[in-house]
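Undergrad: Heads up: the sequence shown begins at 6 in this note's numbering, then just goes up one per residue. Before we start, here is the structure in question, set down as structure tokens.
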Amino acid sequence: MTAQPQLELAVQDAAGVRIAVGLDVDRVELCSALALGGVTPSIATIEAAVAATQGAVGVHVLVRPRPGGFRYTADELAVTYADVERALDAGAAGVVVGAQVAGGQLDGDFVAQVVERSGGREVTIHRVIDVCADPVAAVEVAIGSGATRVLTSGGAVSAPEGRERLRRMVEVAGGRIQVMAGGGISARTVGRVLDTGVDAVHFSARRPVAAHGIPLGAQDDGTHDVTDRDLAAAVVAQVGRPTPGR
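Given below as structure tokens:
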């Protein structure tokens, strides 16, 4: 683990980015529809997020063509490669990707293609690793792909529940790739997760905002999520970093 663990805040818009900048986190992951696990944001959203950083933090863009699993068709992979290139052209400091092959293993060839197209910018493998047949073995595949880091809960529903496997993943990584814990990270749990030796933690600090009117789909509960500064600041404080005033 690095001397000072890195902090990554997952956000959905420029407002979330401004909160991240104010709290001096290391980077943001930008996506849309966090409630669905996140999908690719629009180019305009990426551009607004990059502008909101004023150069203070890097924007790492999730490139995921749809929710619901990580085994993609040729058409979906083509869209993903194109979205990677356009996100980087829009100013992203890195991208966040992942896919599986038919047997359920991490698709290292896909990640290697993204690394090649990223021109030296960082590539994070998202929590696809947690649904792989063997998340620990997937770390070696990730290393072979040339990725910068893996985001993982240790193959559990949440990182606090996956602590033992997170420790093993850190051991396997051996400093060759960063291991970033994510899933269920809060002020209450972040200390226990950092005890595993991970290099970074990823958290979202979301709160729901109620809407008015009728639901517009089977999964619509009439709310949307926003980044909550107080929730985010509480995590930052638990890691031992100062939290600037509003």
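For each residue, glycine too, the CB sits at the ideal point set by N, CA and C.
Identify, in the order they occur along the chain, each residue of the same chain with its Cβ nearer than 7 Å to the Cβ of Ala40, setting aside the five sequence neighbours on each side.
TA: Correct list, in chain order: Asp230.
Undergrad: With H, G and I counted as helix, E and B as strand and the rest as coil, what does DSSP make of Val158?
TA: First, the amino acid is wrong: residue 158 is Ser here, not Val. The answer is coil: DSSP assigns Ser158 none of H, G, I, E or B.
Undergrad: I need the DSSP call for Gly21, collapsed to helix, strand or coil.
TA: Helix, per DSSP.
Undergrad: Should Gln9 be flagged as near chain D, meaning a C-beta pair shorter than 7 Å?
TA: This model lacks chain D altogether; it includes just one protein chain.
Undergrad: Touch check for the stretch 63 to 74 and the stretch 40 to 55: three-plus C-beta pairs under 8 Å?
TA: Counting Cβ pairs under 8 Å, three or more are found: they touch.
Undergrad: Considering only DSSP beta bridges, list what Ala15 is partnered with.
TA: For Ala15, which the question treats as bridged, DSSP gives the partners Glu34.
Undergrad: For Thr58, which three-state DSSP category applies?
TA: It is helical.
Undergrad: Which one of Gly189, Ala20, Asp18 and Ala56 has the shortest CA to CA distance from Leu156?
TA: Looking at the Cα atoms, Gly189 is the closest of the given residues.
Undergrad: Measure from the alpha carbon of Asp88 to the alpha carbon of each residue in Arg197, Ile51, Thr78 and Ser209, then state which is nearest.
TA: Checked all of Arg197, Ile51, Thr78 and Ser209; the closest Cα to Asp88 is Ile51.
Undergrad: Buried or exposed for His217, going by 16 or more other Cβ atoms inside 10 Å?
TA: It is exposed - the Cβ of His217 has fewer than 16 other Cβ atoms within 10 Å.
Undergrad: Determine contact between the stretch 8 to 19 and the stretch 207 to 216, defined as no fewer than three beta-carbon pairs at a distance below 8 Å.
TA: Yes, the stretch 8 to 19 is in contact with the stretch 207 to 216.
Undergrad: Reducing DSSP to helix, strand and coil, say where Val184 ends up.
TA: Here Val184 sits in strand by DSSP.
Undergrad: Could you tell me the distance, in whole angstroms, from the CA atom of Pro165 to the CA atom of Val119?
TA: In a straight line, the C-alpha of Pro165 is about 30 Å away from that of Val119.
Undergrad: Just how far apart, CA to CA, sit His131 and Pro46?
TA: Looking at the two C-alpha atoms, the distance is approximately 15 Å.
Undergrad: By Cβ distance below 6 Å, which residues in the same chain neighbour Ser150 in space, the five residues on each side in sequence not counted?
TA: Result list for Ser150: Gly113, Val116 and Ala117, in chain order.
Undergrad: Taking its Cβ as the centre, do 16 or more other Cβ atoms sit within 10 Å of Ala215, making it buried, or is it exposed?
TA: So Ala215 ends up on the exposed side.
Undergrad: Taking the C-alpha atoms as reference points, what is the distance between Val203 and Gly27?
TA: Computed Cα separation, rounded: 24 Å.
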